[in-house]
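Single-structure report; data block below.
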Amino acid sequence: MAKHAIKLTVNGAPREASVESRLLLVHLLREGFRLTGTHIGCDTTHCGACTVLLDGVPVKSCTVLAVQADGREVRTVEGLEKDGKLDPIQEGFMQEHGLQCGYCTPGMMMTGRALLDRSPAPSEDEIRHAISGNLCRCTGYVNIVKAVQHAAGKREGA
Amino acid sequence: MSTTPRTSPEVCGMGHSMKRKEDPRFIRGQGNYVDDVSLPGMVHMDIVRSPYAHARIKKIDTAAALKVPGVAAVITGETLAQYKLHWMPTLMSDTQMVLPTEKVMYQAQEVAAVIATDRYAAADGVAAVEVEYEPLPVVVDPWKAIEPGAPVLRTDKPDKKDNRIFHWEAGDRAATDKAIREAAAVVKERIYIPRIHVASIETCGCVASFDKAQGKLTVWMTTQAPHAIRTVFALVAGHVGLSEEKIRIISPDIGGGFGGKVPVYPGYVIAVAASVVTGLPVKWIEDRMENLQADSFARDYHIDAELAADKDGRITALRIKTLADHGYADAAANPSKFPAGLFSICTGSYDLKHAFAEVDGVYTNKPPGGIAYRCSFRVTEAVHAIERMTDVLAQKLKTDPAEFRFRNFIPPEKFPYKSALGWEYDSGNYAGALKKAMDIIGYAELRKEQAEKRKRGELMGIGISSFTEIVGAGPSKQFDILGIKMFDSCELRVHPTGKAIARFGTKSQGQGHETTYAQIVAEELGIPAAHVQVEEGDTDTAPYGLGTYASRSTPTAGAAGAMAARKVRDKARKIAAHLLEVREEDLVWEPGKFSVKGAPQKSKTIQEIAFAAYTNHPQGMEAGLEATHYYDPPNLTFPFGSYVCVVDLDRGTGEVKIRRFVSVDDCGNIINPMIVQGQVHGGLTMGMAPALLEEISYDENGNVQGGSFMDYLLPTAVETPKWETAHTVTPSPHHPFGAKGVGESATVGAPPAIVNAVVDALSHLGVTHIDIPMTPEKVWRILKEKGVAE
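Encoded structure:
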């Protein structure tokens with residue numbers, strides 16, 4: 032199968048890879064780059080466990096080909112903490128008990144991060160709609176909503 | 037109401053909302069789930085599955101698959117038959133295929149496995165395996181399965197002449213029949229509780245690694261019960277040389293379990309066999325469709341229930357007859373002596389004299405099961421039946437469902453209470469919980485609002501569920517799995533510097549054991565919870581235990597943790613007496629230190645004592661400060677609660693909108709209020725899900741409907757209401773620290789509250805029952821039939 036040389040930025044660092052046309056971005060991240068914080072929960076783009084930011088926009092990386100990330104910027108859960116300082120969204124999930132098994136959490140936090148980037152003080156409805164493509168089986172979402180609100184109250188640089 | 041902490045926030049014993057010790061790794065994406073395990077030389081496995089629900093396998097041609105680049109091997113039933121590993125026992129002493137040699141019994145059944153260098157090559161290999169099938173008559177409907185002349189499905193069992201698996205019954209049939217005959221009022225309903233799936237966001241999988249030189253098998257796997265799995269593997273594969281001391285099961289971080297990760301699935305066994313045969317580590321990770329279509333289901337109970345009352349409106353008798361569809365094998369995960377689980381909790385929270393319940397299990401051409409779905413064994417089915425029937429009877433008697441419950445509750449002074457079906461309820465205050473829930477939601481006002489809305493033709497309903505759970509299996513007299521008693525364990529070691537490690541026989545899948553177990557030790561010893569490292573899930577290091585399911589961790593392993601800590605404290609007392617040069621009985625304990633009676637300035641902290649245990653212990657005493665406890669509970673625990681739900685029905689679309697939902701749970705003493713509330717939130721959501729959205733059904737050919745997230749609908753944040761939670765505290769009298777277990781109460785209690793609310797909205801139109809899931813289409817059809825659809 033044909034291989035493609037791609038270059039992309041992952042969590043701020045330049046990366047190169049030689050990938051098959053069909054390789055999914057999630058597999059490149061998890062298996063190629065060993066960034067296993069991004070999870071896989073379904074095959075149909077419903078669960079959102081694999082959500083990463085592609086040029087700042089949340090995408091489900093099980094439905095993006097690795098070649099589509101060529102020349103672009105990917106941010107994963109591993110890229111949230113900066114210089115030993117947790118992102119407010121990470122703080123929010125921890126403080127508000129927004130996670131239990133932790134499996135949906137990375138995708139949920141990336142979606143939450145993207146929401147706060149475009150809407151720094153979202154309403155509860157806005158939060159619920161933003162995360163409606165991310166399924167959580169443990170928490171009943173109540174504390175996830177609070178976690179995002181917590182992060183909104185402690186905006187980056189604020 | 038909550039449990040008042042006795043310890044300081046620094047120590048963080050029971051009652052503190054300690055932030056979770058698990059979270060720092062999870063929020064950084066540094067969890068270690070099975071699919072994150074990667075070993076040198078690891079190969080990948082993918083599975084060929086049957087498109088037919090029932091078919092003879094005429095031929096499996098692997099030639100083309102073996103030519104696919106990267107494919108190393110194809111394993112079929114014939115391969116496994118050479119090692120007598122093509123069938124395996126289920127936990128219920130039935131048998132199921134690992135890989136078939138003759139026929140397939142359900143759609144998506146495993147037919148062959150492809151081993152390849154990566155997951156893409158393995159998938160290519162799967163596509164290239166050619167299987168020739170001869171379709172056979174399909175039995176989908178369990179009622180048809182028990183008709184005379186129905187095709188006998190288990191032709192592998194030479195003596196089997198029908199599709200019946202078991203008959204189970206409890207109670208006094210004759211006395212119940214008589215009580216129902218003589219009752220002033222009797223109601224009867226057929227209630228179907230459909231097949232559903234736990235659908236944890238992490239699917240199932242494993243990495244099996246057989247080290248030929250050492251003869252040692254290590255399996256990282258998604259299991260809720262690693263120790264039991266080790267023993268099962270040793271029993272199933274002993275004849276091919278796997279010996280229990282050479283098997284290590286590691287259950288790493290688990291992305292949700294809910295009962296779905298209790299059974300041994302064929303994929304695990306094939307991966308182990310593949311690793312033993314190839315000598316390479318083999319990874320198998322299900323995709324979501326495999327997970328939904330082939331892993332164990334829950335529920336699938338067809339219940340005929342009758343409830344009777346005397347002329348004063350007091351419940352006198354309950355009679356239940358149930359048909360349980362188990363698919364092609366009874367692969368339920370119940371304690372061995374309980375083929376219908378703890379279904380006999382079906383008399384619920386009510387003081388009634390006569391009850392009889394029976395369950396018949398049958399085979400059909402569907403995946404084997406059934407397991408729980410975040411509930412203790414078949415408790416959700418039981419609670420659904422009694423909480424629905426209570427409302428149906430109240431409706432017939434034209435009595436408010438709350439008033440009817442207050443009239444019939446087991447009163448607090450009757451505990452411990454012996455139920456008509458033989459359980460001894462440990463404690464309860466049912467009226468207290470319901471009253472609290474009604475006060476919070478404003479029940480009386482809501483009834484007024486409903487009456488006014490009804491005049492305007494608006495459909496609003498209020499539903500109550502006052503459930504009793506039965507968890508914490510269980511006492512060794514009655515409870516075992518394959519003969520292994522259902523105790524659980526803790527091994528606690530206190531280090532010289534006063535820090536500790538505690539290992540348990542259970543396995544958290546998100547419940548927060550690393551935090552709550554540390555708090556139990558902190559409560560008992562006064563060592564800060566931050567200094568107590570909790571480990572579970574590695575059979576080479578943790579003491580033997582039966583695992584985490586059925587809300588049993590706190591009642592069993594949590595109790596073991598407290599008992600181990602108390603043993604440590606007993607030894608610490610001896611050391612303190614030695615250090616302080618007083619008699620043991622002259623010492624008083626407060627969390628964290630012993631002091632001399634009457635001279636509180638003379639004291640030794642647990643940390644000082646721990647140091648002395650290694651540096652200055654009394655002559656003749658063993659050095660060290662550690663203890664192990666295997667806890668055999670004297671009884672089960674009986675958490676309870678009352679839920680009140682308010683719904684509005686959309687007359688145009690049939691949509692059920694949950695306006696408010698108030699839960700009052702009583703799980704006894706609370707270790708960590710934050711975690712308990714989180715468990716209730718999640719449980720309520722997994723109670724709402726089957727009530728409104730989830731179902732796995734089959735067409736007449738046995739084709740699965742609901743086999744992917746396209747049509748198996750998990751609730752999102754948009755459908756999920758904002759839960760309002762509260763508690764009462766009625767400690768368990770027999771548990772070491774009065775706790776009862778909470779992980780599943782809400783899943784058990786929520787569905788009937790929602791159904792009761794929807795039926796209540798339609799009761800004036802003569803509706804007495806609606807089966808779940810109450811989809812917009814189903815509700816709209818009822819509205820249409822009753823002439824109220826817009």
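Residue numbers (the working numbering), protein chains in the order written: chain A, 32 to 189; chain B, 37 to 826.
A virtual CB, placed ideally from N, CA and C, is assigned to each residue, including glycine.
A quick note: this is a predicted structure, and the numbers were derived from the prediction, not measured.
query: Where do the ends of the alpha helix (DSSP H) carrying V110 of chain B lie?
result: Counted from its first residue, the second sequence places residue 110 of chain B at position 74. Run containing V110 of chain B: none in the alpha helix (DSSP H); it sits in the beta strand (DSSP E), 107-112.
query: Is the CB-CB distance between I237 of chain B and K543 of chain B below 8 angstroms?
result: Here residue 237 of chain B refers to the residue found at position 201 when the second sequence is read from its first residue. Here residue 543 of chain B refers to the residue found at position 507 when the second sequence is read from its first residue. Going by C-beta atoms, I237 of chain B is not nearer than 8 angstroms to K543 of chain B.
- prompt: Is the beta carbon of L750 of chain B sitting closer than 8 angstroms to the one on L495 of chain B?
  reply: Counted from its first residue, the second sequence places residue 750 of chain B at position 714. Counted from its first residue, the second sequence places residue 495 of chain B at position 459. No.
task: Say whether chain B places a C-beta atom closer than 8 angstroms to the C-beta of I37 of chain A.
output: In the first sequence, residue 37 of chain A corresponds to position 6, counting from 1. Closer than 8 angstroms: no.
field: L623 of chain B - DSSP class collapsed to helix/strand/coil
entry: What you label residue 623 of chain B is simply residue 587 of the second sequence in a count that begins at 1. Three-state DSSP puts L623 of chain B in a strand.
- prompt: Does C81 of chain A have its Cβ less than 8 angstroms from a Cβ in chain B?
  reply: Residue 81 of chain A sits at position 50 when you count from the first residue of the first sequence. It does not: the Cβ of C81 of chain A has no partner Cβ on chain B nearer than 8 angstroms.
C-alpha distance - Q514 of chain B paired with A538 of chain B, whole-angstrom precision: Residue numbering aside, residue 514 of chain B sits at position 478 when the second sequence is read from its first letter. Residue numbering aside, residue 538 of chain B sits at position 502 when the second sequence is read from its first letter. So the two alpha carbons sit approximately 28 angstroms from each other.
- request: Determine which residues of the segment 742-765 of chain B have a Cβ less than 7 angstroms from any Cβ of chain A, and write them out in chain order.
  value: S744, F745, M746, L750, T752, A753, V754, T756, K758, W759
Positions along the segment 282-310 of chain B whose CB lies within less than 9 angstroms of some CB in chain A: D289, I290, G291, G292, G293, F294
message: Determine, for T40 of chain A, whether the minimum Cβ-Cβ distance to residues of chain B falls below 8 angstroms.
response: On the first sequence, position 9 is the one that residue 40 of chain A refers to. No, T40 of chain A lies away from the interface with chain B (no Cβ there is under 8 angstroms from its Cβ).
field: Contact with chain B by E104 of chain A, beta-carbon distance below 8 angstroms
entry: Here residue 104 of chain A is taken as the residue at index 73 of the first sequence, counted from 1. Not closer than 8 angstroms to any Cβ of chain B, the Cβ of E104 of chain A fails to qualify, so no.
- request: Following the continuous beta strand (DSSP E) through D606 of chain B, name the residue where it begins and the one where it ends.
  value: If you number the second sequence from 1, residue 606 of chain B lands on position 570. Element bounds for D606 of chain B: not the beta strand (DSSP E) but the alpha helix (DSSP H), 595-616.
query: Which residues bound the alpha helix (DSSP H) around E485 of chain B?
result: On the second sequence, residue 485 of chain B is found 449 positions in, with the first residue counted as 1. Residues 479-491.
- request: Say whether chain A places a C-beta atom closer than 8 angstroms to the C-beta of H717 of chain B.
  value: The residue labelled residue 717 of chain B in the question sits at position 681 within the second sequence. Chain A contact via Cβ: present.
query: alpha helix (DSSP H) containing R539 of chain B: first to last residue?
result: Translated into the one-based positions of the second sequence, residue 539 of chain B becomes position 503. Premise fails: R539 of chain B lies in the beta strand (DSSP E), 536-540, not in any alpha helix (DSSP H).
task: With a floor of 4 residues, list each alpha helix (DSSP H) that falls wholly inside the segment 763-815 of chain B, ordered by position along the chain.
output: 781-798
message: List, in chain order, every chain B residue whose beta-carbon is nearer than 7 angstroms to that of P137 of chain A.
response: For the purposes of this step, residue 137 of chain A is identified with residue 106 of the first sequence, where counting begins at 1. Result: G65.
field: Residue ranges of each alpha helix (DSSP H) within the segment 543-587 of chain B, 4 or longer
entry: 549-561
message: Buried or exposed for H653 of chain B, going by 16 or more other Cβ atoms inside 10 Å?
response: Reading the second sequence from its first residue, position 617 is the one you call residue 653 of chain B. Its Cβ being crowded by 16 or more others within 10 Å, H653 of chain B is buried.
field: Spatial distance of S287 of chain B from K484 of chain B (CA atoms)
entry: Sequence index remark: in the second sequence, residue 287 of chain B carries index 251 (1-based). Sequence index remark: in the second sequence, residue 484 of chain B carries index 448 (1-based). So the alpha carbons of these two residues sit roughly 53 angstroms apart.
- prompt: Closest Cβ-Cβ distance between M832 of chain B and chain A: below 8 angstroms?
  reply: This structure cannot settle anything about residue 832 of chain B, because the visible part of chain B is limited to 37 through 826.
message: With a threshold of 8 angstroms between beta-carbons, can E238 of chain B be considered close to chain A, or not?
response: Start at 1 with the first residue of the second sequence, and residue 238 of chain B comes out as number 202. Closer than 8 angstroms: yes.
- prompt: What whole-angstrom Cβ distance do F413 of chain B and A261 of chain B have, given they're in contact under 8 angstroms?
  reply: Counting from 1 along the second sequence, the entry for residue 413 of chain B is found at position 377. Counting from 1 along the second sequence, the entry for residue 261 of chain B is found at position 225. With 8 angstroms as the limit, F413 of chain B and A261 of chain B do not qualify as a contact, their Cβ atoms being about 14 angstroms apart.
message: Would you say R144 of chain A lies against chain B (beta-carbon separation less than 8 angstroms)?
response: Taking the first sequence and counting its residues from 1, the one referred to as residue 144 of chain A is at position 113. By this cut-off, R144 of chain A is not an interface position.
- prompt: My guess is that V276 of chain B and L121 of chain B are in contact by the Cβ rule of under 8 angstroms, so how many angstroms apart are they, rounded?
  reply: In the second sequence, counting from the first residue as 1, residue 276 of chain B sits at position 240. In the second sequence, counting from the first residue as 1, residue 121 of chain B sits at position 85. Indeed they touch by this definition, with Cβ atoms about 7 angstroms apart.
- request: Check each residue of the segment 43-63 of chain B: if its Cβ is closer than 9 angstroms to any Cβ of chain A, include it; give the result in chain order.
  value: S53, K55, R56, E58, D59, P60, R61, F62, I63
query: Straight-line CA distance for T766 of chain B to T590 of chain B?
result: Here residue 766 of chain B refers to the residue found at position 730 of the second sequence. Here residue 590 of chain B refers to the residue found at position 554 of the second sequence. One C-alpha to the other measures close to 16 angstroms.
field: Assigned secondary structure, S245 of chain B (DSSP; H/G/I helix, E/B strand, else coil)
entry: The residue labelled residue 245 of chain B in the question sits at position 209 within the second sequence. Correct three-state label for S245 of chain B: strand.
- request: Answer yes or no: does any C-beta atom of chain B fall closer than 8 angstroms to that of S150 of chain A?
  value: Residue 150 of chain A sits at position 119 when you count from the first residue of the first sequence. S150 of chain A does not count as touching chain B.
message: Strictly under 8 angstroms for the Cβ-Cβ distance: is M710 of chain B near chain A by that measure?
response: Within the second sequence, residue 710 of chain B is the residue found at index 674, counting from 1. So yes, M710 of chain B belongs to the interface.
task: Using only alpha-carbon positions, find the residue among B:F442, B:V272, B:I227 that is nearest to T358 of chain B.
output: Taking the first residue of the second sequence as position 1, residue 358 of chain B is located at position 322. Nearest C-alpha to T358 of chain B: B:I227.
query: If you measure from the beta carbon of T721 of chain B to each beta carbon in chain A, is any gap under 8 angstroms?
result: Taking the second sequence and counting its residues from 1, one reaches residue 721 of chain B at position 685. So, interface residue.
- prompt: Could you check where the beta strand (DSSP E) with A368 of chain B kicks off and where it finishes?
  reply: On the second sequence, residue 368 of chain B is found 332 positions in, with the first residue counted as 1. Neither: A368 of chain B is in no beta strand (DSSP E) and is coded neither H nor E.
field: Other residues of its chain near G188 of chain A: CB distance less than 7 angstroms, five sequence neighbours each side excluded
entry: Looking up residue 188 of chain A in the first sequence gives position 157. Only weak support is given to the placement of G188 of chain A: the predicted model assigns it a pLDDT of 45, under 50, and the value that follows is read from those uncertain coordinates. Nothing listed; no residue qualifies.
query: Does the Cβ of T352 of chain B have 16 or more other Cβ atoms within 10 Å, making it buried, or fewer, making it exposed?
result: Counted from its first residue, the second sequence places residue 352 of chain B at position 316. Classification for T352 of chain B: buried.
query: Which chain B residues sit within Cβ distance under 9 angstroms of E112 of chain A?
result: On the first sequence, residue 112 of chain A is found 81 positions in, with the first residue counted as 1. Here the neighbours are I63, R64.
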